[in-house]
Amino acid sequence: MLDRSNDTSLSALLQRRVPGYTLEAAFYTSDEIFAADMEAIFEKHWLFVGVEPDVPEPGDVMTVEIGTNSVLILRDDDMQIRAYHNVCRHRGARLVLEEKATVGNLVCRYHSWTYNLDGDLIHAEHMGEGFDRSCHGLKPVHVRSLEGLIFICLAEDPPEDFDEMARVMGPYIAPHNLRDTKVAYQHDLIEPGNWKLTMENNRECYHCGANHPELTVPLFAYGFGFAPEELDEVERQNAERYGCMVTDSHSAWEAQGIPSRCQEHLDDMVTGYRTERLPLDGAGESHTLDTKAASRKRLGTLPSDKMGALHFWTQPNSWHHFMGDHAVTFSVIPIDANHSLLRTKWLVHKDAVEGVDYDLENLIGVWMATNQQDSDLVGYCQKGARSSAYQPGPYSPHTEMLVEKFCNWYIKRMRAHVQPGRSADAA
Ligand code: FES
Ligand code: FE
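Counting in the numbering used here, the sequence shown runs from 6 upward without gaps.
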């Protein structure tokens, strides 16, 4: 039975979470829990924020806003990716205001303090003889590139198991060679919902049949999950056939040196993740309306156009689809309790030419439509969570197991952060 306790402290809400059910409303609506999420989740875990092709050349800078923090991600003169707090060490002014910029050095507009790409303060006028520039370099932020996917962590001591994820995932992503791609298009969508609703929605395809006419074109329906007891004999055979096709596809791809089998650590690692390469329907080449490659230049070292779609999910804030011809990355950044930024990037081979090798509308069509549909669904749930009638509802054991794993991960990480006895008002 659900606990109807009126204790709305964060620790009480965490303690009484009922497995298999959506979270209590306060987790989606409370400003206090939103603040706790930012502190416990977004300031302590590895976050996916962009790709190396966002900053292809030395001096290219990208900024990302995580709550009250702004982070600079840049490529230095040695082609290394570095990250710093976007805060001048003089009086704290924001250094780079744009989302993307190209700089020689980083010059603060306020009093012209100047930092090189290594974050060293190299120029500061009128500071007197005793002033030590070496004590006033930019504050670094932990940054890692996983085969071109850029993750940052704001914590002083980031979760160490990123290395384990990178060890496993590197060989899955490497054949797509993201470092040799370019961002063909980026779209920012403000979803009218809490970041957890955006993530939960991504972790299941129970809703796909009824809501995603474009996305479902290249997907096999049995991949959405099903209740075996609801199938008739013909459907049961079709489901079995689908399972065999996935197994056979994995074997064939892996025989060609392309890792494809499922790896799932969504709620048993601090840096939770999941991956699997799944076959696509029709021509089997891409997430497009005709299921064929959208870009003529194949990615990386892939042996064929028919590579299905490799998905890679990370807790707390990303998912990705890698195909033979393009990749799509998704990053979720909370804005407030009721709004989240979904940032989507479409990557094609760096030599692919728009209008010649790919048609942009064809490339982005499926996910532009799907993102909007998902955003609408997230908004409906956010409205529901604010209603007095809301109470946690049950997840399907056949199609929403991975949503449950997202919630398990979240609750575990929040419990680890909130010391017993500590209370945060959730009302
Ligand atoms: Fe940056 Fe003064 S605040 S130079
Ligand atoms: Fe969806």
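Quick reminder that beta carbons are idealized off the backbone N, C-alpha and C, glycines included.
message: Measuring straight from C-alpha to C-alpha, what distance separates residue 256 and residue 246?
response: 15 Å
Using alpha carbons as the reference points, say which of 279, 136, 259, 206 lies closest to residue 95.
-> 136
*Rounded to the nearest angstrom, how far is the Cβ of residue 174 from that of residue 317, given a contact under 8 Å?*
6 Å
- Message: Runs of 4 residues minimum, wholly inside the stretch 22 to 50: which ones carry the alpha helix (DSSP H) assignment?
- Response: Segments of the alpha helix (DSSP H) lying fully in the stretch 22 to 50: 31 to 34, 36 to 42.
Worksheet item: Skipping 5 residues on each side, what residues in its chain have a beta carbon closer than 6 Å to that of residue 369?
Response: 190, 351
| said: For a test of the three-state rule: what should DSSP assign to residue 11, helix, strand or coil? | reply: coil
Per DSSP, the bridge partner or partners of residue 363: Listed as beta-bridge partners of residue 363 by DSSP are 300, 359.
| query | What are the partner residues of residue 350, as DSSP defines its beta bridges? | reply | In the DSSP assignment, residue 350 is bridged to 191, 334.
Quiz item: Going by the beta-carbon positions, is the gap between residue 108 and residue 55 smaller than 8 Å?
Solution: no
So, does the stretch 342 to 358 touch the stretch 199 to 217, judging by three or more C-beta pairs under 8 Å? yes
Discussion item. Quick check: residue 376 and residue 299, are their CB atoms within less than 8 Å of each other?
Written reply: no
Spell out the partners DSSP gives residue 67 in its beta bridges. 78, 105
Q. Is it buried or exposed for residue 30, if we count other Cβ within 10 angstroms and need 16 for buried?
A. buried
>> Quick check: is any heavy atom of the ligand FES less than 7 Å from the C-beta of residue 210?
In response: no
For my contact list, residue 87 and residue 100 are in at a C-beta cut-off of 8 Å; report their separation, rounded to the angstrom.
Going by Cβ atoms, the distance from residue 87 to residue 100 rounds to 14 Å, so no, they are not a contact pair.
Query raised in the report: Taking residue 372 as the reference, which of 234, 291, 267, 23 has the closest Cα?
Result: Of the candidates 234, 291, 267, 23, the one whose C-alpha sits nearest the C-alpha of residue 372 is 291.
First and last residue of the alpha helix (DSSP H) that includes residue 257? Note, residue 257: alpha helix (DSSP H), 238 to 260.
Bridge partners - residue 86, DSSP secondary structure assignment: Residue 86 pairs with 80.
Checklist entry - So is the beta-carbon of residue 138 under 7 Å away from any non-hydrogen atom of the ligand FES? => result no
**Asked** Any idea if residue 304 is buried or exposed, counting beta-carbon neighbours within 10 angstroms, 16 or more meaning buried?
**Response** buried
- Message: Check for me: the alpha helix (DSSP H) holding residue 414 runs from which residue to which?
- Response: 406 to 422
Self-check item: For residue 342, the three-state DSSP class (helix, strand or coil)
Solution: coil
Residue 419: which of 307, 275, 126 sits nearest, CA to CA? 275
Hey, is residue 97 close to the ligand FES, as in C-beta under 7 Å from one of its heavy atoms? yes
**Q.** As assigned by DSSP and simplified to three states, the class of residue 198
**A.** coil
Checklist line | residue 167 in three-state terms, based on DSSP | finding: helix
| field | Contiguous alpha helix (DSSP H) assignments of at least 4 residues, all confined to the stretch 99 to 149 | value | Fully enclosed alpha helix (DSSP H) runs of no fewer than 4 residues are not present anywhere in the stretch 99 to 149.
Buried or exposed for residue 249, going by 16 or more other Cβ atoms inside 10 Å? Looking at its Cβ environment, which holds fewer than 16 other Cβ atoms inside 10 Å, residue 249 is exposed.
Check your understanding: Where does residue 284 fall in DSSP's three states?
Key -> coil
Review point. Closer than 7 Å: is that where the CB of residue 89 sits relative to any heavy atom of the ligand SAH?
Key: Only the ligand FES and the ligand FE can be found as ligands here, which leaves the ligand SAH out of the picture.
Between which two residues does the beta strand (DSSP E) holding residue 487 run? Since the first residue shown for the chain is 6 and the last is 432, residue 487 is missing from the structure and cannot be characterised.
**Prompt:** Hey, quick one: how far does the beta strand (DSSP E) through residue 396 stretch, first residue to last?
**Reply:** Here residue 396 belongs to no beta strand (DSSP E), and DSSP marks it neither H nor E.
Practice problem: Below 7 Å CB to CB, which residues in the same chain sit around residue 227 once its five sequence neighbours on both sides are set aside? | Solution: 243, 244, 247
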